Amino acid sequence: MAAAVEEALKKAALAEAENAVKAREATLAHVGYPNFGKSDHEKLEPDDWRHTDRRDDITSAELQLAKRCHGAHIETLSQEVTAVGSHYLLIHYDVPYLNAETFRLKVCGLVEKELSLSLPEIRSRPSTTQAVLMACAGTGRMSQKHRFWTHVPWGVDSFGCAEWTGCSLADLLKEAGLKPGAKQVIFTGADKGVEGGKVQHFQRSLSVDDALLGHVMLVYRMNGEDLKPAHGAPLRIIVPGWYGMASVKWLTSIEITEGGWWGHQMEAYSFRRAADDPGRVPLTQLPVRALMAPPGFPDFFSRARVVAPGTHRVVGKVWAGAVEIDRVEFSADHGKTWAKATLERKTGLFGWATWHYDWVTPAEGTCILKCRGFDAKGRSQDEPGDDDFNWTGMGDTQPQMVYVRIDPAAETTGSQINLIPETRASKSALNVATADGAPLEAELVDALYRSPGSQ
944 MAAAVEEALK KAALAEAENA VKAREATLAH VGYPNFGKSD HEKLEPDDWR HTDRRDDITS
1004 AELQLAKRCH GAHIETLSQE VTAVGSHYLL IHYDVPYLNA ETFRLKVCGL VEKELSLSLP
1064 EIRSRPSTTQ AVLMACAGTG RMSQKHRFWT HVPWGVDSFG CAEWTGCSLA DLLKEAGLKP
1124 GAKQVIFTGA DKGVEGGKVQ HFQRSLSVDD ALLGHVMLVY RMNGEDLKPA HGAPLRIIVP
1184 GWYGMASVKW LTSIEITEGG WWGHQMEAYS FRRAADDPGR VPLTQLPVRA LMAPPGFPDF
1244 FSRARVVAPG THRVVGKVWA GAVEIDRVEF SADHGKTWAK ATLERKTGLF GWATWHYDWV
1304 TPAEGTCILK CRGFDAKGRS QDEPGDDDFN WTGMGDTQPQ MVYVRIDPAA ETTGSQINLI
1364 PETRASKSAL NVATADGAPL EAELVDALYR SPGSQ
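Read left to right, the sequence shown gives residues 944 to 1398 (the working numbering).
Here it is in structure tokens:
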């Protein structure tokens, strides 16, 4: 990477880090507990349709969305780069199959010179490759007991850190020439559908200031290969340090306006106290989050992890967008006590960092593992609790929980391990599984199923 480009990216990362802190402060002030909780929502909208007050109440719409939009495989957290096939995907409408040979990107609006660029013309521009951690804004939604908004029922697994190759959006905008009064950049994808009763293309926007920072990319390669259709081929944008909804796939046009546009995908991706909240806070930069690749191996049905007694190196990743990482802490007793993990260097300005902890297990029994991240700006992950609430179930950062059974028989292929209690619990609704006389204590069932994708 050329020195000038690297310096520009560092400058952009510093600006994004400051913006991330401001965004987190605004979020906590508006929907952070104890400033705001479920009881406050019910005072605002006592007659609001209540989707659920149980984590096992999954609607058919949520199930359908879960099958269409897949998370990453949690074990890939042991790898430095997320494989294309394991990177999380949220596809709102149908995947549009665009012809790369006839493709044109339109740049229009408040510009001195409108552009219509072919894919070869875009590929011929100076390019960079960045490792960028991307996560969905709905990450951890299923950790929230009270859900009022039907959307993809994400656990902790809507993440991916890939190497993206493309050209600079800022350079393209400078070439087009921004006219006086230009304040907003609207990105339109080719994917089309109905949402909120309105026919629309997927659209998002950035302020001109954000678009010109120098880190936003027009991307055509992922992990060294041409983009696959599901990941936005032939062209998409990547907004490093932001939640994934900002990185519009199947990009067809970039329109510069005087501002004021607030489309459905801007409204949907916001922190709200109620369905109609004039003080909603837009989702922008990523918070800090640590995850672990679960140790041992899983039971197929319940996903309970099984390990032999001894010392196990637990490996994971931590990210905070453009903000540097301070530390990661690990717990083997459901968060009663915490120990500092070993932290390695971050991969790039907008990637993730590897951490590890050498866990000495008890001789046998059950442990609930957790991890949490802290960044250099003082941000940390939320403590788990049903008092945390926002109407859209966005931006949850409650720590991942991993349920582990320690059994000497785990060392021997063909040996028998009694996982009947876990299997029974996994076949029951949560309110049944935690009732008196249930095969597992409520705390253990909660650990198994509070954060789907953790196991």
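Where a beta carbon is used, it is the ideal one built from N, C-alpha and C, also for glycine. Given the structure is predicted, the values throughout are model-derived calculations rather than measurements.
Which partner residues of K1141 appear in the DSSP bridge assignment?
Residue mapping note: residue 1141 aligns to position 198 of the sequence shown, counting from 1. In the DSSP assignment, K1141 is bridged to E1138.
Practice prompt. Return the residue from the list C1310, H984, T1195 that minimises the CA-CA distance to T1045.
Written response: Position 102 of the sequence shown, counting from 1, holds the residue named residue 1045. Residue T1195 is the option with its Cα nearest to T1045.
* Does the distance from the C-beta atom of A1015 to that of S1029 stay below 8 Å? -> Residue mapping note: residue 1015 aligns to position 72 of the sequence shown, counting from 1. Residue mapping note: residue 1029 aligns to position 86 of the sequence shown, counting from 1. In contact: A1015 and S1029 (Cβ atoms closer than 8 Å).
- Query: Taking DSSP as the reference, what is the three-state secondary structure of Y1346?
  - Reply: Locating residue 1346 in the sequence shown gives position 403, counting from the first residue. For Y1346, the three-state secondary structure derived from DSSP is strand.
Among the candidates F1130, L952, E1023, whose CA atom is the shortest distance from the CA of W1204?
Taking the first residue of the sequence shown as position 1, residue 1204 is located at position 261. Out of F1130, L952, E1023, F1130 has the C-alpha closest to the C-alpha of W1204.
Beta bridge counterpart(s) of L1048 as assigned by DSSP: Position 105 of the sequence shown, counting from 1, holds the residue named residue 1048. In the DSSP output, where bridge partners are listed per residue, L1048 has L1060.
Quiz item: In terms of DSSP beta bridges, what is I1129 paired with?
Solution: For the purposes of this step, residue 1129 is taken as residue 186 along the sequence shown, with counting starting at 1. The partner list for I1129 (beta bridge, DSSP) reads S1148, E1198.
Q. Any idea which residues DSSP pairs D1276 with across the strands?
A. Looking up residue 1276 in the sequence shown gives position 333. DSSP output for D1276 lists I1311 as bridge partner(s).
What residue does the beta strand (DSSP E) around M1160 start on, and which one ends it?
-> Here residue 1160 corresponds to residue number 217 of the sequence shown, with the count starting at 1. For M1160, the enclosing beta strand (DSSP E) starts and ends at 1160-1165.
How about the region 1109-1127 and the region 1151-1159: do they share at least three Cβ pairs that are nearer than 8 Å? Yes: the two stretches touch, three or more of their Cβ pairs being nearer than 8 Å.
Original post:
How is P1351 classed by DSSP in three states: helix, strand or coil?
Top reply: Counting from 1 along the sequence shown, the entry for residue 1351 is found at position 408. It is helical.
Outcome for Y1040 when other beta-carbon atoms lying within 10 angstroms are tallied against a minimum of 16: Along the sequence shown, one-based indexing puts residue 1040 at 97. Of the other Cβ atoms in all chains shown, fewer than 16 fall within 10 Å of the Cβ of Y1040; this residue is therefore exposed.
- Task: Could you check what DSSP says for H1299 in three-state terms: helix, strand or coil?
- Result: Counting from one through the sequence shown, the residue named residue 1299 turns up at place 356. Under the three-state reduction of DSSP output, H1299 falls in the strand class.
- [ ] Quickly, what does DSSP pair I1363 with across the bridge? List them, please.
- [x] The residue labelled residue 1363 in the question sits at position 420 within the sequence shown. For I1363, which the question treats as bridged, DSSP gives no partner whatsoever.
Counterpart residues of L1286 in DSSP-defined beta bridges:
Within the sequence shown, residue 1286 is the residue found at index 343, counting from 1. Per DSSP, W1298.
Between which residues of its own chain and W1302 is the CB-CB distance below 8 Å, once the five residues before and five after are set aside?
Locating residue 1302 in the sequence shown gives position 359, where the first residue counts as 1. Excluding sequence neighbours, W1302 sits near P1238, T1254, H1255, R1256, V1257, F1273, A1275, L1312.
Which ranges would you report for the beta strand (DSSP E) in the region 1235-1275 if only whole runs of at least 3 residues count?
-> Counting only runs of 3 or more, we get 1248-1250, 1254-1262, 1268-1274.
Worksheet item: Taking the C-alpha atoms as reference points, what is the distance between G1338 and G1357?
Response: Taking the sequence shown and counting its residues from 1, the one referred to as residue 1338 is at position 395. Taking the sequence shown and counting its residues from 1, the one referred to as residue 1357 is at position 414. Approximately 43 Å, taken between the alpha carbons.
Short of 7 Å in beta carbon distance, which residues of its chain neighbour I1034, apart from the five on each side in sequence? Order them along the chain. Position 91 of the sequence shown holds residue 1034. Beyond the five residues adjoining it in sequence on each side, I1034 comes within less than 7 Å, by CB distance, of R1011, C1012, A1173 in the same chain, given in chain order.
Open item on the list: Can you look up L952 in the DSSP assignment and give me helix, strand or coil?
Closed with: Counting from one through the sequence shown, the residue named residue 952 turns up at place 9. Correct three-state label for L952: helix.
*How big is the Cα-Cα spacing for A947 and Q1341?*
For the purposes of this step, residue 947 is taken as the residue at position 4 of the sequence shown. For the purposes of this step, residue 1341 is taken as the residue at position 398 of the sequence shown. Rounded to the nearest whole angstrom, the CA to CA distance from A947 to Q1341 is 39 Å.
Going by the DSSP bridge assignment, what does I1180 pair with across the sheet? Against the sequence shown, residue 1180 aligns to sequence position 237. I1180 is bridged to L1161.
Next item on the list: Label N1333 either buried or exposed according to how many other C-beta atoms from any shown protein chain fall within 10 Å of its C-beta, with 16 as the threshold for buried.
Entry: The residue you call residue 1333 lines up with position 390 of the sequence shown. Burial call: buried.
Distance, V1266 Cα to K1393 Cα
Indexing the sequence shown from 1 puts residue 1393 at position 450. Indexing the sequence shown from 1 puts residue 1266 at position 323. The residue you asked about is not Lys; residue 1393 is Arg in the sequence shown. Roughly 28 Å between the two C-alpha positions.
Margin query: Rounded to whole angstroms, what is the Cα-Cα separation between V974 and T1227?
Written below: Locating residue 974 in the sequence shown gives position 31, counting from the first residue. Locating residue 1227 in the sequence shown gives position 284, counting from the first residue. Cα-Cα distance, rounded: 15 Å.
| request: Just mark N962 as buried or exposed, buried being the case when its beta carbon has 16 or more other beta carbons within 10 Å. | output: Working through the sequence shown from its first residue, we reach residue 962 at position 19. Within a 10 Å sphere around the beta-carbon of N962 sit 16 or more other beta-carbons, which makes this residue buried.
Query raised in the report: Roughly how many angstroms separate the alpha carbons of R1179 and E1384, rounded to a whole number?
Result: Translated into positions along the sequence shown, residue 1179 becomes position 236. Translated into positions along the sequence shown, residue 1384 becomes position 441. Rounded to the nearest angstrom, the two C-alpha atoms are 47 Å apart.
For E1307 and D1169, what's the separation of their Cα atoms in angstroms?
Working through the sequence shown from its first residue, we reach residue 1307 at position 364. Working through the sequence shown from its first residue, we reach residue 1169 at position 226. Whole-angstrom Cα-Cα distance: 48 Å.
Requested in this report: Please state whether DSSP places P1172 in a helix, a strand or coil.
Outcome: Reading the sequence shown from its first residue, position 229 is the one you call residue 1172. Look at P1172 here: in three-state DSSP terms it is helix.
ask   = How would you call K1192, buried or exposed, if buried means at least 16 neighbouring beta carbons within 10 angstroms?
value = As a first step, residue 1192 must be located in the sequence shown, where it is residue number 249. Under this definition K1192 is a buried residue.
Item checked: Extent of the continuous beta strand (DSSP E) to which D1077 belongs -> Position 134 of the sequence shown, counting from 1, holds the residue named residue 1077. One detail in the question is off: residue 1077 reads as Met in this sequence, not Asp. DSSP places M1077 inside the beta strand (DSSP E), whose first and last residues are 1070-1078.
- Message: Closer than 8 Å is the cut-off here; do at least three beta carbon pairs connect the region 1103-1123 with the region 1046-1064?
- Response: Yes, the region 1103-1123 is in contact with the region 1046-1064.
*What are the boundary residues of the alpha helix (DSSP H) that includes E1386?*
By one-based count along the sequence shown, residue 1386 stands at place 443. Its alpha helix (DSSP H) spans residues 1385-1392.
Q) Going by alpha carbons, who is nearest to E1287 out of R967, N978, E1023? A) Your numbering for residue 1287 matches position 344 in the sequence shown. Closest option to E1287, Cα to Cα, is E1023.
Which residue's Cα is closest to the Cα of A1247: S1397, G1321, G1259?
Translated into positions along the sequence shown, residue 1247 becomes position 304. Checked all of S1397, G1321, G1259; the closest Cα to A1247 is S1397.
Check: Where does Q1359 land, buried or exposed, given buried means 16+ other C-beta within 10 angstroms?
Finding: The count along the sequence shown starts at 1 and reaches residue 1359 at position 416. Label assigned to Q1359: exposed.
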